[in-house]
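The next block holds one structure in the form of structure tokens; read it before the comments.
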Amino acid sequence: MSKDIKLLVGPTTLPKKVMTAMDHEVFGHRGKYYEEIHKSVVDKLGQLIGTKEDVILLTSSGTGGMEAAIQNCFSIGDKVIAPIIGNFGERFADIAETYGLIVDRVYFELGETADISKAMERVNKDTKGVIIVHNESSTGVYNDIEALGKELRNKDVLLVTDSVSGLGGLKINMDDWGIDVVVSSSQKALMSPPGISPIALSKKAWERVEQSNTPTYYFNLKKARKMAEVNQTPWTPATHTLLAMKAATEMIFDEGLENVYKRHKVNQRILIEGIEKMGYSIFAKNATYASPTLTAIKTPMGSKRVVDYFKENNILISAGLAPIKDEIIRVGTMGFVYEKDILEFLRVMNEFDKTI
Ligand SMILES: *Cc1c(COP(=O)(O)O)cnc(C)c1O
Numbered sequence: 054m055s056k057d058i059k060l061l062v063g064p065t066t067l068p069k070k071v072m073t074a075m076d077h078e079v080f081g082h083r084g085k086y087y088e089e090i091h092k093s094v095v096d097k098l099g100q101l102i103g104t105k106e107d108v109i110l111l112t113s114s115g116t117g118g119m120e121a122a123i124q125n126c127f128s129i130g131d132k133v134i135a136p137i138i139g140n141f142g143e144r145f146a147d148i149a150e151t152y153g154l155i156v157d158r159v160y161f162e163l164g165e166t167a168d169i170s171k172a173m174e175r176v177n178k179d180t181k182g183v184i185i186v187h188n189e190s191s192t193g194v195y196n197d198i199e200a201l202g203k204e205l206r207n208k209d210v211l212l213v214t215d216s217v218s219g220l221g222g223l224k225i226n227m228d229d230w231g232i233d234v235v236v237s238s239s240q241k242a243l244m245s246p247p248g249i250s251p252i253a254l255s256k257k258a259w260e261r262v263e264q265s266n267t268p269t270y271y272f273n274l275k276k277a278r279k280m281a282e283v284n285q286t287p288w289t290p291a292t293h294t295l296l297a298m299k300a301a302t303e304m305i306f307d308e309g310l311e312n313v314y315k316r317h318k319v320n321q322r323i324l325i326e327g328i329e330k331m332g333y334s335i336f337a338k339n340a341t342y343a344s345p346t347l348t349a350i351k352t353p354m355g356s357k358r359v360v361d362y363f364k365e366n367n368i369l370i371s372a373g374l375a376p377i378k379d380e381i382i383r384v385g386t387m388g389f390v391y392e393k394d395i396l397e398f399l400r401v402m403n404e405f406d407k408t409i
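Numbering (the working numbering), first residue to last: 54 to 409.
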């Protein structure tokens, strides 16, 4: 298990430093010791997200963060637009409907990035928000959130984005791009175990929180923000995931954020060039929007065979998700992944190719 190269689309590889940070006795979360760790993590997350606003740490997986965004920022009956380019976009729309929002789903063909002008055509005077995935992990395609932010900046419409598989590997800049809500999760490019979902809100979004009539309890962001003032959380936090995130975010800034982004892009390029040389192709229809944190590769022979073969060779990769489960493999290049891992992946892919 430990010898495996993990190229999964989360949870991702834990660097040794991150694992060591968790080798720690339990500690209380109502004191200075906890508060200092909390502060270190939210400060670095703020820089990663690109915001001067508070970063709230929720004890949950990424889906919990998505749910918190919907619950707190909208009211029952609010109309939102949901551009959908895959599974996670669909999930965001489902959550919104669960909380009584009226969701206008704008579908794009799988493998495509959302056409921002088409999405904008659906925005009208009743629109309260646009909910969209930054990096769609089911297809390996990202959305141009910066362009969408430009369109929405001066409108009374919240731009809410799930950057669960983007943050820390794919550039985002919340304040500059005019994003109102960014949600992420510890177990993807943030190189930590599952358990913490960071969320940040703009001033415009916090105003909406004040107006929201949606019931909340566990994910009440007003309560969470109050506690965040003293670097605490309302409920018991995932203390050891937090220790991991402290080490992981320190590693990101030691390497340098721009270098981290660059490493993701270089790895992606080597990976794509390598598989194309073997006659394979990526699922993304436009290479410009192919995600640097995961690559979806078409597998005409069925994905299960490929995933199994890699597993036998000590490399863990992901199959597709419905409805293209069998049609692609997904290779995570997020977080602690280096060129040697990509080259090993390509070596095994080449071996596999000889078996078919
Ligand atoms: C992983 C992921 C999520 C969250 O999944 P959880 O299992 O709840 O952490 C949400 N959106 C995207 C794009 C993801 O990749």
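A virtual CB, placed ideally from N, CA and C, is assigned to each residue, including glycine. Note that the structure is a prediction, hence the values are computed from the model and not measured.
query, result
"For Val-236, the residue or residues it bridges with in DSSP", "Asp-215 and Ile-252"
"Span of the alpha helix (DSSP H), counted from its first residue to its last, around Lys-92", "85-102"
"Proximity to Lys-208 [Cα-Cα], best of Gly-221, Ala-258 and Ile-381", "Ala-258"
"Closest residue to Asp-361 among Val-401, Arg-316, Ser-334 and Ala-340 (Cα-Cα distance)", "Val-401"
"Length at least 3, wholly inside the segment 123-155: the beta strand (DSSP E) runs in chain order", "132-137"
"Cut-off 7 Å between Cβ atoms - residues of its own chain near Tyr-342, not counting five sequence neighbours on either side", "Thr-166, Val-194 and Tyr-195"
"Option nearest Thr-346 by Cα separation, candidates Pro-376, Leu-369 and Arg-322", "Arg-322"
"Whole-angstrom distance between Ala-122 and Thr-286, CA atom to CA atom", "17 Å"
"Per-residue DSSP class, three states only, for Ser-384", "Inspection of the sequence shows that residue 384 is occupied by Val rather than by Ser. Strand."
"Under 9 Å between C-beta atoms of Pro-268 and Gln-124", "yes"
"Residues that Gly-182 bridges to, as DSSP identifies them", "Val-133 and Leu-211"
"Whether Met-173 touches Glu-199 by CB criterion (9 Å)", "no"
"CA nearest to the CA of Leu-211, picked from Glu-150, Arg-261, Gly-103 and Ala-277", "Arg-261"
"Nearest-angstrom beta carbon gap, Gly-388 and Thr-66 [assumed within contact, 8 Å]", "6 Å"
"Outcome for His-77 when other beta-carbon atoms lying within 10 angstroms are tallied against a minimum of 16", "exposed"
"Residue span of the beta strand (DSSP E) that contains Lys-59, given as start and end", "58-60"
"Span separating the alpha-carbon of Arg-316 from that of Gly-309", "10 Å"
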